[in-house]
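Here's the structure, in structure tokens; my notes come after.
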Amino acid sequence: MKKNIEIRWHGRGGQGAKTAALLLADVAFSTGMHVQGFPEYGPERMGAPITAYNRIGESPIRVHSNIYEPDYVVVVDETLLHSVDVTKGLSKSGGIIINTTKSKEEILPLLNGYEGNVYTIDAHYVSMQTLGRYFPNSPMLAAIVKVADIMDQEVFLSHMEASYQHKFAKKPEVIEGNMNALKMAFQEVK
Amino acid sequence: MSIRERMSGNEAVAHAIKQINPDVMPAFPITPSTEIPQMVSSFIANGEIDTEFIPVESEHSSMSATMGANAAGARALTATSSCGLAYMWELLYVAASDRLPVVLALVNRALTGPININCDHSDSMGARDAGWIQIYAENNQEAYDNFIQAFRIAEHPDVRLPLMACQDGFITSHAVENIELIEDDKVKEFVGEYKPENYLLNPDMPMAVGPYANSPFYMETKMNQRLAMENAKKVILEVAEEFEKMSGRKYGFFEEYKLDDADYAIVIIGSAAGTTKDAVDELREQGIKAGLLKIRVFRPFPGEAIANALKNVKAIAIMDRAESFSACGGPIGSELKAALFDLRITSTVVNYFYGIGGRDYTVAEAKAVYQDLINYVSGTADVENFKYIGLRK
Numbered sequence: 066m067k068k069n070i071e072i073r074w075h076g077r078g079g080q081g082a083k084t085a086a087l088l089l090a091d092v093a094f095s096t097g098m099h100v101q102g103f104p105e106y107g108p109e110r111m112g113a114p115i116t117a118y119n120r121i122g123e124s125p126i127r128v129h130s131n132i133y134e135p136d137y138v139v140v141v142d143e144t145l146l147h148s149v150d151v152t153k154g155l156s157k158s159g160g161i162i163i164n165t166t167k168s169k170e171e172i173l174p175l176l177n178g179y180e181g182n183v184y185t186i187d188a189h190y191v192s193m194q195t196l197g198r199y200f201p202n203s204p205m206l207a208a209i210v211k212v213a214d215i216m217d218q219e220v221f222l223s224h225m226e227a228s229y230q231h232k233f234a235k236k237p238e239v240i241e242g243n244m245n246a247l248k249m250a251f252q253e254v255k
Numbered sequence: 086m087s088i089r090e091r092m093s094g095n096e097a098v099a100h101a102i103k104q105i106n107p108d109v110m111p112a113f114p115i116t117p118s119t120e121i122p123q124m125v126s127s128f129i130a131n132g133e134i135d136t137e138f139i140p141v142e143s144e145h146s147s148m149s150a151t152m153g154a155n156a157a158g159a160r161a162l163t164a165t166s167s168c169g170l171a172y173m174w175e176l177l178y179v180a181a182s183d184r185l186p187v188v189l190a191l192v193n194r195a196l197t198g199p200i201n202i203n204c205d206h207s208d209s210m211g212a213r214d215a216g217w218i219q220i221y222a223e224n225n226q227e228a229y230d231n232f233i234q235a236f237r238i239a240e241h242p243d244v245r246l247p248l249m250a251c252q253d254g255f256i257t258s259h260a261v262e263n264i265e266l267i268e269d270d271k272v273k274e275f276v277g278e279y280k281p282e283n284y285l286l287n288p289d290m291p292m293a294v295g296p297y298a299n300s301p302f303y304m305e306t307k308m309n310q311r312l313a314m315e316n317a318k319k320v321i322l323e324v325a326e327e328f329e330k331m332s333g334r335k336y337g338f339f340e341e342y343k344l345d346d347a348d349y350a351i352v353i354i355g356s357a358a359g360t361t362k363d364a365v366d367e368l369r370e371q372g373i374k375a376g377l378l379k380i381r382v383f384r385p386f387p388g389e390a391i392a393n394a395l396k397n398v399k400a401i402a403i404m405d406r407a408e409s410f411s412a413c414g415g416p417i418g419s420e421l422k423a424a425l426f427d428l429r430i431t432s433t434v435v436n437y438f439y440g441i442g443g444r445d446y447t448v449a450e451a452k453a454v455y456q457d458l459i460n461y462v463s464g465t466a467d468v469e470n471f472k473y474i475g476l477r478k
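For the protein sequence lines, the chains are W and S, in the order given.
The first sequence lines up with residues 66 to 255 when you count with my numbering.
The second sequence lines up with residues 86 to 478 when you count with my numbering.
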């Protein structure tokens, strides 16, 4: 058994992949786990490919390197599939979650022969339905929590509500939308 | 009871600053240390602390203002990284020779050439001869704990030297991890009030700070700085002992990890120590006697103690995260080899360079270093004096 779950996030600067990784660390911490959430910085600019990482486990985490053999990969922007080898090192017993309108069958040829589980979610649709604007990180966060079975979904939702209340103390009107985005994402990830 | 939290290394240092509530913090932003003054200014704006924040136009000025405030009698600190530290260079020496116990939160980042925002130790290692105490952290917890001990060490009457509390840029500064915080009142009591013996704003005892000192006095100034560094060794250990009583967390000049019976040792500084510990555990499971010595205090350099701790190992890898371009070894490599020589320790010693400019350092690479040492000792490979880890082919 692996000691920790390791997750690699692929996104583009400005889409919130780093924020999602930090939120995941936050919520996993709240349920008593040991966590690590960190970004890998290349050129800091809007639209550039960025990577962020999570380690989550029962015991203290000492390693401070990037993750090369993740259990799960989350792709926040599907256009990266053409330029970044997102399944590199990805465990076959884990899986990849891709934000896309395409079906699994359409996505598979873009995954360099990856043989593990493939999950898709249209985070754009979820975000527009619940928030009226495109913020893919909340739906992608819920998707990874469900797919990797990181914690009970109700526990996750209650901790996220507390976290949003803190984060959006000055914008309480967006809390409900974000909570709905999480709940809808649980249903929409396939 | 300690407080379970999760935060990044930068947040941890900012939190320590909030608990200490220093008098003055001048600062100029530079990646990856920018968050520290940014968070402290938020604490001030929210009325949580009454530190005087001085926004300045450069790091030359941030260090000058920190020193000025400290000379006037205030507890003062600043934060910086990389080129920011380079721009303070002139003042680093002045702070040390004026015996100003200022504290600098240094978030280690490569120096420019080519430009690079990621971690290595070339900034602080370049400043190693400036007369500052240097303490390094492996993770957010140590960054926090070291910062709480910093003023006690720097301000001690037998020391009165500036102190750099270093952590690895991005690797710990921007990584959110679990941490145990200490209650505000305990931190305040531990750090105490700053009561300098002499200071500029004392009308009862007028004084000058930083006067001209030509050849009749300059050398004595330097000798006194050296004595203060010697004294710092004792004070660092005393403060660590008191800190352990408060927090339960033990600190010294360095940490030994499974070194007692080790045949093969890596000597390293900073976040890479944690990665190496995982490698040690994996090798121990295979019956290989691997061990680690993580240097916490690099200035003053506890050379004799480190050499003694290594005296029974068969081979040592000294790992530098900075080049010195002496073409003869890196900063830790050169100094530790000298210390080993003083004790007539003739183990096989190889100086490695890793992680420069943020090049990742992995558990697999740490294991490969131990394998090198095994090969050298068994005679299946010729010993190389210097090696780079993870170079592109």
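Cβ coordinates follow ideal geometry from the N, Cα and C atoms, glycine included.
Close-in-space but distant-in-sequence residues of the same chain around M210 of chain S (CB under 6 Å, 5 per side omitted): A407, P416
Nearest to L322 of chain S (by Cα), restricted to the options S:L266, S:R237, S:R311, S:Y229: S:R237
Segments assigned beta strand (DSSP E), at least 3 residues, entirely inside the region 390 to 420 of chain S: 400 to 405
Residue interval of the beta strand (DSSP E) (run including Q101 of chain W): 99 to 105
Min CB distance A101 of chain S to chain W below 7 Å: no
Cα-Cα separation, T360 of chain S to T431 of chain S: 27 Å
Local conformation of W217 of chain S per DSSP, three classes: coil
Proximal residues of chain W, C-beta to C-beta of V448 of chain S below 9 Å: V128, S130
Identified DSSP bridge partners for I354 of chain S: S:I380
Buried/exposed call for M110 of chain S, threshold 16 Cβ in 10 Å: buried
Exposed unless 16 or more other CB atoms sit within 10 angstroms - verdict on Q252 of chain W: exposed
G153 of chain S to V100 of chain W span [Cα, whole Å]: 41 Å
Segments assigned alpha helix (DSSP H), at least 4 residues, entirely inside the region 164 to 206 of chain S: 167 to 172, 174 to 182
Distance, Q219 of chain S Cα to P483 of chain S Cα: For residue 483 of chain S there is no data in the structure shown, the boundaries of chain S being 86 and 478.
Backbone CA spacing between I240 of chain W and A250 of chain W [nearest angstrom]: 15 Å
Min CB distance M92 of chain S to chain W below 7 Å: no
DSSP-derived helix/strand/coil call for F232 of chain S: helix
L248 of chain S: first and last residue of the uninterrupted beta strand (DSSP E) it sits in: 248 to 253
According to DSSP, residues forming a beta bridge with F138 of chain S: S:M110
Contact set between I401 of chain S and chain W, taken where Cβ atoms lie within less than 8 Å: Here the premise fails: no neighbours, minimum Cβ distance about 21 Å.
Own chain, CB closer than 8 Å to I391 of chain S, minus 5 neighbours either side, in chain order: F338, F339, V352, L378, I380, L421, A424
Backbone secondary structure at K67 of chain W - three-state DSSP: Below a pLDDT of 50, predicted positions are generally treated as unreliable, and K67 of chain W, at 46, falls in that range; no measurement from the model is reported.
Sequence-distant residues of its chain with Cβ nearer than 6 Å to F103 of chain W (five each side left out): Y118
Under the three-state DSSP convention, the category Y298 of chain S falls into: Going by the sequence as given, residue 298 of chain S is Ala instead of Tyr. Looking at A298 of chain S - three-state DSSP - the assignment turns out to be coil, as it is neither helix nor strand.
Closest by C-alpha distance to D214 of chain W, when choosing among W:L145, W:D91, W:V140, W:G159: W:G159
Close beta carbons around A159 of chain S, own chain, < 7 Å, minus the five adjacent residues each side: D108, V109
Contact set for I129 of chain S: own chain, Cβ-Cβ below 7 Å, skip 5 residues either direction: T136, F138
Outcome for T152 of chain W when other beta-carbon atoms lying within 10 angstroms are tallied against a minimum of 16: buried
Own chain, CB closer than 6 Å to G94 of chain S, minus 5 neighbours either side, in chain order: N225, A228, Q252, T257, S258
Rounded separation between W174 of chain S and V212 of chain W - CA only: 52 Å
Same chain, Cβ closer than 8 Å to M66 of chain W, five either side skipped, listed in chain order: At M66 of chain W the pLDDT is 33, less than 50, meaning the model places this residue with poor confidence; the figure from the coordinates comes in the next sentence. Nothing listed; no residue qualifies.
Chain S within 7 Å of A90 of chain W, Cβ atoms only: yes
Beta strand (DSSP E) segments (min. 3 residues) lying fully within the region 307 to 352 of chain S: 339 to 342
CB-CB length for T116 of chain S against I202 of chain S, believed under 8 Å: 5 Å
Beta-carbon gap between A161 of chain S and N155 of chain S smaller than 7 Å: yes
V210 of chain W (DSSP reduced to helix, strand or coil): helix
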